[in-house]
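A.B. asks: The working numbering puts the sequence shown at residues 1124 to 1497.
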Amino acid sequence: MRDVRDVLSALGAIQLDAVNTVVRTHYLTVFSRLGPFSMELSTRRCTSVAKASSTGATPLATWPSICTRRCAGGWPSTPAARAGWRCGRGWRSSGPGYVAALAQEVADEGPLTAAELRDPARKPRRTTPHGDWFRSSEGKNVLEGLFDAGTIASAGRPNFERVYDLAERVIPEGVRRAPALDTVDAQRVLVRRAMTALGVAAVREVADYFRLPIAATRARLRELVDAGELESANVQGWSGRAFLVPGGDDRPVAGCALLSPFDSLIWDRDRTTRLFGFEHSFEIYVKPDQRKYGYYVLPFLHGEQLVARLDLKADRPRAKLSVLAAHLEPGVVDDTVVDALAGEVRRLAGWLALPAIEVADRDSLAPALAKALA
1124 MRDVRDVLSA LGAIQLDAVN TVVRTHYLTV FSRLGPFSME LSTRRCTSVA
1174 KASSTGATPL ATWPSICTRR CAGGWPSTPA ARAGWRCGRG WRSSGPGYVA
1224 ALAQEVADEG PLTAAELRDP ARKPRRTTPH GDWFRSSEGK NVLEGLFDAG
1274 TIASAGRPNF ERVYDLAERV IPEGVRRAPA LDTVDAQRVL VRRAMTALGV
1324 AAVREVADYF RLPIAATRAR LRELVDAGEL ESANVQGWSG RAFLVPGGDD
1374 RPVAGCALLS PFDSLIWDRD RTTRLFGFEH SFEIYVKPDQ RKYGYYVLPF
1424 LHGEQLVARL DLKADRPRAK LSVLAAHLEP GVVDDTVVDA LAGEVRRLAG
1474 WLALPAIEVA DRDSLAPALA KALA
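In structure tokens:
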């Protein structure tokens, strides 16, 4: 568990997503760094991290900064008002009374999910040209509002449904009672964490890491440069100024890993193109006949290059890992790529307890990969 926490600390944030085509993305992000690890252990010890948003996890130490960031973003001033704001026009006429009732229910009966509320309330409906679309229930929105306000926290996601409990029962006292941060100090903490994860980055990339305002991020970066914590840099081929963490390890990278499409190394597509010359595409929402690479595609990092991508699916009923497509990037001529990739596919299949591997004859790399796996 210490190794898992170390990965989270180094990255600063790990994205969550409900797609389970291979395995949940947060597990895959950790697997890419550590290799096989116990998913059961990390799930059981999920209180070692605090959620930054509905889609990410951050180290517990960032909790005060994240709460400050939420409350300074033009939100209403009180937890009840923020929970109501979250519900938008679907907010019940009982308003703050309903918020207070749900907060008390969590206090009395938590941890619980939105589905376990005594009164989850109706789902606000919005009419679109494609028909009626239902938002999350008002109860869920209120819980998320209280979560955004720091009143309640995430006590886990055993079935990927957030479990809510009072922050005081989830977040250690030392973290909750840390000195309050003003907005500028909280931004500075998050900019430092983003830069530690990115190493070298443009302003927009730093801001995007924790969804900070561009202008505020630029100001914090300049302050950290003035303080000697960061350096200003010009990167060949980049337009505009970049920022650099001084004293970084510049030794060549020799490892290899299959990457989740939500991995922080590649989640910024423009950055991925500039760093690797790799056009990262995410085609889950593309019609099947219009997909170029596949439904759930994992780029393959080999040394310092993204050299291939695999469309993978864990066929759990048949205990099989299916390679639906295997694509070699243009210009890649390294003879070690296929064997390295085959080794990673075997390791992934073993970790997922899928004894069989099947490679479909699709795309340029499939025949060679099938042969290497055989």
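Cβ coordinates follow ideal geometry from the N, Cα and C atoms, glycine included.
What whole-angstrom Cβ distance do T1148 and F1385 have, given they're in contact under 8 angstroms?
C.D. replies: On the sequence shown, position 25 is the one that residue 1148 refers to. On the sequence shown, position 262 is the one that residue 1385 refers to. With 8 angstroms as the limit, T1148 and F1385 qualify as a contact, their Cβ atoms being about 4 angstroms apart.
A.B. asks: Between the stretch 1290-1302 and the stretch 1269-1280, do three or more beta carbon pairs fall short of 8 angstroms?
C.D. replies: yes
A.B. asks: Please look up how many angstroms separate the CB atoms of E1267 and T1236, rounded, as I've assumed it's under 8 angstroms.
C.D. replies: Numbered from its first residue, the sequence shown carries residue 1267 at position 144. Numbered from its first residue, the sequence shown carries residue 1236 at position 113. That pair is no contact at about 12 angstroms.
A.B. asks: Got a sec, what are the start and stop residues for the beta strand (DSSP E) H1403 sits in?
C.D. replies: By one-based count along the sequence shown, residue 1403 stands at place 280. From DSSP, H1403 is part of no beta strand (DSSP E); its letter is neither H nor E.
A.B. asks: Who are Q1359's beta bridge partners in DSSP?
C.D. replies: Counting from 1 along the sequence shown, the entry for residue 1359 is found at position 236. DSSP lists no partner for Q1359.
A.B. asks: Start and end of the alpha helix (DSSP H) containing V1153?
C.D. replies: By 1-based counting over the sequence shown, the position of residue 1153 is 30. Run containing V1153: 1148-1157, per the alpha helix (DSSP H) assignment.
A.B. asks: Please return the same chain residues whose Cβ sits closer than 8 angstroms to the Cβ of A1431, not counting the five positions on each side in sequence.
C.D. replies: Working through the sequence shown from its first residue, we reach residue 1431 at position 308. Excluding sequence neighbours, A1431 sits near P1422, F1423, H1425, A1449, H1450, L1451, E1452, V1455, V1460, L1464, L1488.
A.B. asks: So L1183 packs on P1295, CB below 8 angstroms; how close in whole Å?
C.D. replies: Within the sequence shown, residue 1183 is the residue found at index 60, counting from 1. Within the sequence shown, residue 1295 is the residue found at index 172, counting from 1. With a Cβ gap of about 7 angstroms, L1183 and P1295 count as contacting.
A.B. asks: Tell me whether I1137 sits in a helix, a strand or coil according to DSSP, three-state version.
C.D. replies: Indexing the sequence shown from 1 puts residue 1137 at position 14. In this structure, I1137 counts as strand in the three-state DSSP scheme.
A.B. asks: Kindly indicate which three-state DSSP category S1161 falls into: helix, strand or coil?
C.D. replies: As a first step, residue 1161 is located in the sequence shown; it is residue number 38 there, counting from the start. Residue state, collapsed to three classes: coil.
A.B. asks: Using only the alpha-carbon positions, how far apart do N1282 and A1141 sit?
C.D. replies: On the sequence shown, position 159 is the one that residue 1282 refers to. On the sequence shown, position 18 is the one that residue 1141 refers to. A straight line joining the alpha-carbon of N1282 with that of A1141 spans about 10 angstroms.
A.B. asks: Span of the alpha helix (DSSP H) holding R1432?
C.D. replies: For the purposes of this step, residue 1432 is identified with residue 309 of the sequence shown, where counting begins at 1. Taken as a continuous stretch (DSSP letters only), R1432 belongs to no alpha helix (DSSP H), being part of the beta strand (DSSP E) at 1428-1438.
A.B. asks: Determine the burial state of K1174: buried for a count of at least 16 other Cβ atoms within 10 Å of its Cβ, exposed for fewer.
C.D. replies: As a working mapping, residue 1174 is identified with position 51 in the sequence shown. Residue confidence for K1174 is low, a pLDDT of 46 falling below 50, so the modelled location carries little weight and cannot support an answer.
A.B. asks: To which residues does DSSP link T1395 through a beta bridge?
C.D. replies: Translated into the one-based positions of the sequence shown, residue 1395 becomes position 272. Its beta-bridge partners do not exist; DSSP assigns none.
A.B. asks: Among residues of its own chain, excluding the 5 on either side of P1375, which ones have a beta-carbon nearer than 8 angstroms to its beta-carbon?
C.D. replies: Here residue 1375 is taken as the residue at index 252 of the sequence shown, counted from 1. Same-chain partners within the cutoff: G1426, E1427.
A.B. asks: Using only the alpha-carbon positions, how far apart do A1549 and V1145 sit?
C.D. replies: Lying outside 1124 to 1497, the shown extent of the chain, residue 1549 is not represented and no answer is given.
A.B. asks: List the whole-angstrom C-beta distance separating A1356 from A1365, where the pair is believed to meet the contact cut-off of C-beta under 8 angstroms.
C.D. replies: Here residue 1356 refers to the residue found at position 233 when the sequence shown is read from its first residue. Here residue 1365 refers to the residue found at position 242 when the sequence shown is read from its first residue. The Cβ separation is near 5 angstroms, so the contact holds.
A.B. asks: My understanding is that R1470 touches P1159, with C-beta atoms under 8 angstroms, so please give their C-beta distance in whole angstroms.
C.D. replies: Residue numbering aside, residue 1470 sits at position 347 when the sequence shown is read from its first letter. Residue numbering aside, residue 1159 sits at position 36 when the sequence shown is read from its first letter. Contact holds; Cβ gap of about 7 angstroms.
A.B. asks: At what residue ranges does the stretch 1268-1350 contain a whole run of the alpha helix (DSSP H), taking only runs of 4 or more?
C.D. replies: 1290-1293, 1296-1299, 1306-1321, 1326-1332, 1337-1349
A.B. asks: Inspect the beta-carbon positions of V1368 and V1323 and report whether they are closer than 9 angstroms.
C.D. replies: Here residue 1368 corresponds to residue number 245 of the sequence shown, with the count starting at 1. Here residue 1323 corresponds to residue number 200 of the sequence shown, with the count starting at 1. The beta carbons of V1368 and V1323 sit closer together than 9 angstroms.
A.B. asks: State the Cα-Cα distance for the pair K1436 and Y1221, rounded to the nearest angstrom.
C.D. replies: In the sequence shown, residue 1436 corresponds to position 313, counting from 1. In the sequence shown, residue 1221 corresponds to position 98, counting from 1. If you take the alpha carbons of K1436 and Y1221, they lie about 43 angstroms apart.
A.B. asks: What are the start and end residues of the beta strand (DSSP E) that includes L1381?
C.D. replies: Walking along the sequence shown from the start, residue 1381 turns up at place 258. Start and end: 1379-1381.
A.B. asks: By Cβ distance below 6 angstroms, which residues in the same chain neighbour T1395 in space, the five residues on each side in sequence not counted?
C.D. replies: Your numbering for residue 1395 matches position 272 in the sequence shown. If we look at T1395 and ignore the five residues flanking it on each side, its Cβ neighbours are I1389, F1401, H1403.
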